[in-house]
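Visitor: Sending over a structure as structure tokens; questions will come in a sec.
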Amino acid sequence: MNPYAKLITSLSLLLGTTITISSNHWMMAWTGLEINTLAIIPLISKSHHPRAIEAAIKYFLVQAAASTLVLFSSTINAWHTGQWDLTQLTHPTSCLLLTTAIAMKLGLVPFHFWFPEVLQGSSLTTALLLSTVMKFPPITILYMSSHSLNPTLLTTMAIASAALGGWMGLNQTQIRKILAFSSISHLGWMSIIIIYDPKLTLLTFYLYSLMTATVFLILNTTKTMKLSTIMISWTKTPMLNATLMLALLSLAGLPPLTGFLPKWLIIHELTKQEMTVAATVIVMLSLLGLFFYLRLAYYSTITLPPNSTNHMKQWHINKLTNTPIAIIASLSMLLLPLSPMILISV
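Now the structure itself:
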């Protein structure tokens, strides 16, 4: 890809995200979302592979439909109340349409079909952007309009997302698809709590982005795309694969790793809100996710491929130590002791 084109798309992504997260007016928020969508499409389709082109078209169509619904929702609200402010969404139809539109933007069930396919058609770095940066503006809109959202619809979609993310991830062999279903499952955790504690949703999103970035950057370094190649990468980069195993277990939410913190806080908040049944159901559904994370961890560190030829193993990769991976990997595993401080701030 041309360096100038890459620079323009990167700056546009930054601009679109900044406009959306800093705006109070619905039209500005919508403009930022549109800039983001147009900026990511060249990055998805840059390989010119038919699968990448298909992913770009699917992404464009879904995001265009979601943006239309956002605009429609805000227009109906303005028509009835005269308010274009993000925090003043009060009309019931507008609230319902906005919940649906943001669910489409994020990939919540039942609007999740596009997300695994788009991630599978993208490169690992673009998949990382789609899983983290591109989710930030819609999450911000949810945060600002959290008091207006439809609680029944959101809770139903959240539990369905946690269920489907776990079930569908069990049978996958492509790592990008597994991480896509992992993202859908985590979005379920974020959206179930947003009405009761929006700050906790943001905290969950930040920690999820940190852990997912660790996993994607390690996979990008070892050039691993599917389960059969993750076994071979152990002999090349044993330390990176051991780190990958811990990052995956952190994503699964096992204590004493970072990923346990948001789940613990969400269960605590749901119990305080007398939603014990919802908390129990979503915890049980997270066991499905734990299974495929354990399977990935098992493949990455414990399983060695069958090998009949006698040759020397390559025990290191000829690259300098990757400092960003070292920093974010440490953060994605060791933040749990900070939970008392986070609890005070939240």
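When we follow the UniProt record's numbering, the leftmost residue of the sequence shown carries the number 1, and every step to the right adds one. Glycine is no exception: its CB is placed at the ideal position from the N, C-alpha and C atoms.
With distances taken from CA atoms, which of P42, A29 and L294 is nearest T9?
Guide: Translated into the one-based positions of the sequence shown, residue 9 becomes position 9. When only C-alpha atoms are compared, the closest one is P42.
Visitor: Look at L296 and A162 and say whether their C-beta atoms are less than 9 Å apart.
Guide: If you number the sequence shown from 1, residue 296 lands on position 296. If you number the sequence shown from 1, residue 162 lands on position 162. No, they are not a contact pair.
Visitor: Which one of L338, E117 and P151 has the shortest CA to CA distance from M275?
Guide: As a first step, residue 275 must be located in the sequence shown, where it is residue number 275. The residue with the shortest Cα to Cα distance from M275 is P151.
Visitor: Name the residue from T224, L69, F136 and A279 whose alpha carbon lies nearest to the alpha carbon of W26.
Guide: For the purposes of this step, residue 26 is taken as residue 26 along the sequence shown, with counting starting at 1. That would be L69, whose Cα lies nearest to the Cα of W26.
Visitor: At the level of alpha carbons, what is the spacing between L89 and T81?
Guide: Here residue 89 is taken as the residue at index 89 of the sequence shown, counted from 1. Here residue 81 is taken as the residue at index 81 of the sequence shown, counted from 1. Spanning the two alpha carbons is a distance of roughly 9 Å.
Visitor: Does the structure place the region 85 to 99 close enough to the region 43 to 54 that three or more beta carbon pairs sit under 8 Å?
Guide: Because the criterion of three Cβ pairs below 8 Å is not met, the region 43 to 54 and the region 85 to 99 do not touch.
Visitor: For Y299, is the classification buried or exposed, using 16 other Cβ atoms within 10 angstroms of its Cβ as the cut-off for buried?
Guide: Indexing the sequence shown from 1 puts residue 299 at position 299. Buried, by the Cβ-count rule.
Visitor: Using the DSSP secondary-structure output, state which residues sit across from G174 in a beta bridge.
Guide: Counting from one through the sequence shown, the residue named residue 174 turns up at place 174. Checking the sequence shown, residue 174 turns out to be Gln, not Gly. The partner list for Q174 (beta bridge, DSSP) reads K226.
Visitor: In whole angstroms, give me the CA-to-CA distance for P255 and I342.
Guide: In the sequence shown, counting from the first residue as 1, residue 255 sits at position 255. In the sequence shown, counting from the first residue as 1, residue 342 sits at position 342. Their backbone Cα atoms lie some 16 Å apart in a straight line.
Visitor: Residue range of the alpha helix (DSSP H) that E117 falls in?
Guide: By one-based count along the sequence shown, residue 117 stands at place 117. That run of the alpha helix (DSSP H) goes W114 to G121.
Visitor: Quick check on H112: buried or exposed, where buried means 16 or more other Cβ atoms within 10 Å of its Cβ?
Guide: Indexing the sequence shown from 1 puts residue 112 at position 112. Buried, because 16 or more other Cβ atoms sit within 10 Å of the Cβ of H112.
Visitor: For N2, count neighbouring C-beta atoms within 10 Å of its own C-beta (all shown protein chains included) and say buried if the count is 16 or more, exposed if not.
Guide: For this step, residue 2 is matched to residue 2 along the sequence shown. N2 comes out exposed.
Visitor: Using three-state DSSP, classify H48 as helix, strand or coil.
Guide: Numbered from 1 along the sequence shown, position 48 holds the residue referred to as residue 48. Here H48 sits in coil by DSSP.
Visitor: Please check the pair S185 and M211, which I expect to be a contact at CB under 8 Å, by giving their CB distance rounded to whole angstroms.
Guide: Your numbering for residue 185 matches position 185 in the sequence shown. Your numbering for residue 211 matches position 211 in the sequence shown. Actually they do not touch by this definition, with Cβ atoms about 13 Å apart.
Visitor: Near residue 351, which residues of its chain fall below 7 Å by C-beta distance, leaving aside the five closest residues on each side in sequence?
Guide: The question about residue 351 has no answer here: the residues shown for the chain are numbered 1 through 346.
Visitor: With a threshold of 16 other CB atoms inside 10 Å of the CB of K6, please say whether the residue is buried or exposed.
Guide: Numbered from its first residue, the sequence shown carries residue 6 at position 6. Label assigned to K6: exposed.
Visitor: Are the region 212 to 230 and the region 255 to 274 touching by the rule of at least three beta carbon pairs closer than 8 Å?
Guide: No: the two stretches stay apart, fewer than three of their Cβ pairs being nearer than 8 Å.
Visitor: By the 10 Å Cβ neighbour count, where 16 or more other Cβ atoms means buried, how is I24 classified, buried or exposed?
Guide: The residue you call residue 24 lines up with position 24 of the sequence shown. Note on identity: in this sequence residue 24 is Asn, with Ile being the wrong assignment. Flag for N24 reads exposed.
Visitor: Using DSSP with H/G/I as helix, E/B as strand and the rest coil, what is H25?
Guide: Stepping through the sequence shown from its first residue, residue 25 is reached at position 25. Reduced to three states, the DSSP call for H25 is strand.
Visitor: Evaluate Y208 with the Cβ neighbour count: other Cβ atoms within 10 Å of its Cβ, from every protein chain shown; 16 or more gives buried, anything less gives exposed.
Guide: For the purposes of this step, residue 208 is taken as the residue at position 208 of the sequence shown. It is buried - the Cβ of Y208 has at least 16 other Cβ atoms within 10 Å.
Visitor: Considering just the uninterrupted stretch of the alpha helix (DSSP H) at F260, what are its terminal residues?
Guide: Taking the first residue of the sequence shown as 1, we reach residue 260 at position 260. F260 to K272 is the span of the alpha helix (DSSP H), which, as asked, contains F260.
Visitor: Give the straight-line distance between the Cα atoms of residue 347 and L124, rounded to the nearest whole angstrom.
Guide: Since the displayed the chain opens at 1 and closes at 346, residue 347 lies outside it and no answer follows.
Visitor: From L15 to F115, what does the alpha carbon distance come to, in whole angstroms?
Guide: As a working mapping, residue 15 is identified with position 15 in the sequence shown. As a working mapping, residue 115 is identified with position 115 in the sequence shown. L15 and F115: Cα-Cα distance of roughly 23 Å.
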